[in-house]
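Read the structure below first, then the notes.
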Amino acid sequence: MLYSSPYWLHLWSPSSQSCFSNWTGNCSVQRSCAAKRIRSYEPSRGQSPHTIYSRRAMSVDSTVQNSHEAFLTARDARLAVRAGWLDVVGDALEQHRNDLVDVARRETHLPEKRLHGELTRTVFQLRLLGEEVREGTFLGATIDHQDPNWGMGPRPDIRRVNVPVGVVAVFGASNFPFAFSVAGGDTASALAAGCSVVHKIHGGHERLGVLTAEVVGSALAIAGAPPNLLSVVTGREAGIGLVEHPLVKAVGFTGSVHGGRALFDRAVSRPEPIPFFGELGSINPAIITEAAWKNRPDVIADGFISSLTLGVGQFCTKPGLLFVHSSVVEEIKQALGARLDSSNLSDKMLNERIHSGFLASRGDVARLTGVETVAPGNDNDPPAPAVFATSGKNAAKTSAVLETEMFGPAAVVIDYDDHDELVGLIHALPGQLTGTIHSEENEDIRSLVQALGSRCGRLLRNGWPTGVTVSYAQTHGGPYPATTASGSTSVGTSAIERFVRPVSYQDFDDHELPESLRESNPLNVRRRVDGEWS
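As structure tokens, this is what we get:
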């Protein structure tokens, strides 16, 4: 059920008043069970656990209806106002940093330092998108004046601008409780576009999701944003209801291939299909040329192990396939095995479901025909890192080697005999978020780059893919199953473009046009006028 009222959320503590007592109702939360209560904490204030509860229940339909009403107001807000909403959300997250990080630490097993870093990234992302909204390039404002001498015949006055799509449903990720969650990239980019958001909180950090929603909602209310600009729901059925609701116009999803594909199929099977921007799975191949290994073996081996084990291997960009020349494969296996013998991961995996899923996929790979175990790992939590090996010829025959994602500290080394075999293996890969090449300056890698580019969204040279900066040129996407929309990115300023669509206006009077298309350009946004940028 959905819990909502003009002041729907109350944090109660028997010892003192909650620090969030100024909550003014810009967010609503749905839970799948009326009797379910979510416990939240304020350890920095020395308070005992308090309960988040609601005063009346509503349906998913009511939640989306209310979100749609918020959208109808938000879409007309001036760019500076919209950008200000993002700024105040970032400020509020910063203000309540310690409380949020403490709840996240309790729910996810992630270390405090990592959580602080992720929250810093989330705040930066909000502020960067706010700057992008003020600048206005994402509007794509384009003006073609009337031209009687146009090459194909007289041209009418026609002008185009991007407009927000409407209510966006966002599904939070398990492994990033801030950056891909309630106030994360999908939510931020949808709000930047002028949309409203209904966010499905991930069950792995439900208390944090509700607490984040309250912080965000309070900030939006103080800033004068329309009520219900952000709503949150919990539970599987609520998530399905969002995807199928006719007022939801787009979906942002980060999760598994299985769950994401099921929701994608629902989204495109609706009477009115909608875009589903899903990040589903990636193994992230890395190529080590023979020359690269011979010139810097220790640097490569240390870098690979560090990237493989970062966050206990629970990164969507973790390098899971290592392609190496057959002349050096034994050296590489020995180097990796020796380093893994002394490795010691200190943090548990995110939750038991992820831990058990990793053990299952690791076992599946270990049992594949022709796969050798270099380092077996173990079943502990955290598990010891594992590395397997096989030949390129075997991988070409056993597609599961190239397709099975082990979401944890495990990878497969694949040796190749020559360039053509390596290119063939790359083309056999499913879509990937990243592809990495370690090579030397005098090597011609153009054909490898081209092959990887056909399968990956981001290419790296002499680096490792874990760590995705938020910037203007970033692409966090790729062909299926890395994502369901290979022409988009979920990270960086271009992420806004997922939640807008173009509308053209032909032969309208100036005062009837959106401000971004008027002759005087009152918003002072960058525009393309008669083919020239200004």
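Convert by adding 20 to the 1-based position in the sequence shown; the result is the number in this note's numbering.
In this text, a Cβ means the ideal position worked out from N, Cα and C, and glycines have one as well.
* Asked: How is the alpha helix (DSSP H) around residue 470 delimited, first residue to last?
  -> Residues 466–473.
* **CA nearest to the CA of residue 263, picked from 510, 219, 173 and 333** => 219
* Asked: Can you check whether the CB of residue 120 is closer than 9 Å to the CB of residue 232?
  -> yes
* To do: Can you give me the start and stop residues for the beta strand (DSSP E) that residue 392 sits inside?
  => 392–395
* Top-ranked residue by Cα proximity to residue 239, from 173, 181 and 110 -> Out of 173, 181 and 110, 110 has the C-alpha closest to the C-alpha of residue 239.
* Asked: Are residue 124 and residue 222 close, meaning C-beta to C-beta below 9 Å?
  -> Contact flag unset, no.
* Below 7 Å CB to CB, which residues in the same chain sit around residue 410 once its five sequence neighbours on both sides are set aside? => 390, 391, 392, 421, 432 and 434
* What separation, rounded to the nearest whole angstrom, lies between the Cα atoms of residue 547 and residue 165? -> 13 Å
* Skipping 5 residues on each side, what residues in its chain have a beta carbon closer than 6 Å to that of residue 478? -> 454 and 495
* Look at the Cβ atom of residue 555, then the Cβ atom of residue 502, and state whether they are nearer than 9 Å. => In the structure as shown, the chain begins at 21 and stops at 554. Residue 555 is therefore absent and cannot be evaluated.
* Measure from the alpha carbon of residue 359 to the alpha carbon of each residue in 256, 322, 545 and 549, then state which is nearest. => Checked all of 256, 322, 545 and 549; the closest Cα to residue 359 is 322.
* Asked: alpha helix (DSSP H) containing residue 413: first to last residue?
  -> 412–417
* **Distance, residue 335 Cα to residue 253 Cα** => Roughly 25 Å separates the two Cα atoms.
* Have a look at residue 193 and residue 205 and give me their C-alpha separation to the nearest angstrom. => 11 Å
* Asked: residue 434 by DSSP, collapsed to three states: which one?
  -> The DSSP-derived three-state label of residue 434 is strand.
* Member of 418, 278, 305 and 295 whose CA lies at the smallest distance from the CA of residue 377 -> 278
* Quick one: what does DSSP say residue 523 is sitting in, helix, strand or coil? -> strand
* C-alpha gap between residue 462 and residue 311, whole angstroms -> 9 Å
* residue 26 burial status per 10 Å Cβ neighbour count (16 or more: buried) -> The predicted model places residue 26 with a pLDDT of 29, which falls under 50 and marks its position as unreliable, so this point remains unresolved.
* **Extent of the continuous alpha helix (DSSP H) to which residue 535 belongs** => The continuous stretches of alpha helix (DSSP H) do not include residue 535, and DSSP gives it neither H nor E.
* Leaving out five residues on either side along the sequence, give the residues of the same chain with a beta carbon under 7 Å from the beta carbon of residue 243. => 104, 105 and 108
* Where are the alpha helix (DSSP H) runs, 4 residues long or more, that stay fully inside the stretch 334–406, in chain order? -> 349–361 and 372–386
* Length at least 3, wholly inside the stretch 200–283: the beta strand (DSSP E) runs in chain order -> 216–220, 250–253 and 268–274
* Asked: Which residues share a DSSP beta bridge with residue 455?
  -> Under DSSP, the beta-bridge partners assigned to residue 455 are 479.
* List the DSSP bridge partners of residue 299. => 274 and 503
* To do: Specify the secondary structure class of residue 320 as computed by DSSP and reduced to three states.
  => DSSP places residue 320 within a helical segment (H, G or I) once states are collapsed to three.
* Asked: In three-state DSSP terms, what is residue 96?
  -> coil
* Using the C-alpha atoms, what's the distance from residue 412 back to residue 472? -> Residue 472 and residue 412: Cα-Cα distance of roughly 16 Å.
* Residues bridged to residue 552 [DSSP beta-bridge criterion] -> 549
* To do: Using beta-carbon positions only, say whether residue 452 and residue 260 come within less than 9 Å of one another.
  => no
* **Best match in 531, 487, 95 and 367 for proximity to residue 216 [C-alpha to C-alpha]** => 95
* Alpha carbon to alpha carbon, what distance is there between residue 516 and residue 552? -> 24 Å
* Just tell me which of 352, 122 and 294 has its CA closest to the CA of residue 320. => 352
* Determine which residues share a DSSP beta bridge with residue 101 and list them. => The partner list for residue 101 (beta bridge, DSSP) is empty, contrary to what the question assumes.
* To do: For residue 294, name the three-state secondary structure that DSSP assigns.
  => coil
* Proximity below 9 Å, CB of residue 9 to CB of residue 272 -> Here the chain comprises residues numbered 21 to 554, so residue 9 is not present and cannot be evaluated.
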